[in-house]
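First comes the structure, then the notes that go with it.
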Amino acid sequence: EEDAVTAASAETVVEAEGGTEDVSHPGAVTDAEAIARRLWHCSAVVGLHPDQAAGAIADFAVARGQPFAVVPCCVYASEFPTRKLPDGTPV
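Numbering (my numbering), first residue to last: 8 to 98.
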């Protein structure tokens, strides 16, 4: 089973064989190409509190024909003024 993909801060990333490793999250993948491979071959895409990336997560999953779930925290209404509920109410 593949490791979870997590973001890493610069202070916690160290060089490791085959890429970099986030020492605060052992086993986390921080190499961009490795992350891209995992996303390309994943069975589902999940975004937890993805901020402005929520739309990109949905677009990526739909384009790949993969199931997805996004659990947002903020709606960023000022950045996405055209987003509306099915009844036309602004989000």
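Quick reminder that beta carbons are idealized off the backbone N, C-alpha and C, glycines included.
Item, Value
"Exposed unless 16 or more other CB atoms sit within 10 angstroms - verdict on Ala76", "exposed"
"Paired residues, beta bridge with Gly54 - DSSP", "Val77"
"Beta-carbon gap between Val78 and His56 smaller than 8 Å", "yes"
"Per-residue DSSP class, three states only, for Val36", "strand"
"Inter-residue Cα distance where the pair is Leu46 and Gly95", "33 Å"
"Member of Val52, Pro88, Gly34 and Asp58 whose CA lies at the smallest distance from the CA of Gly72", "Val52"
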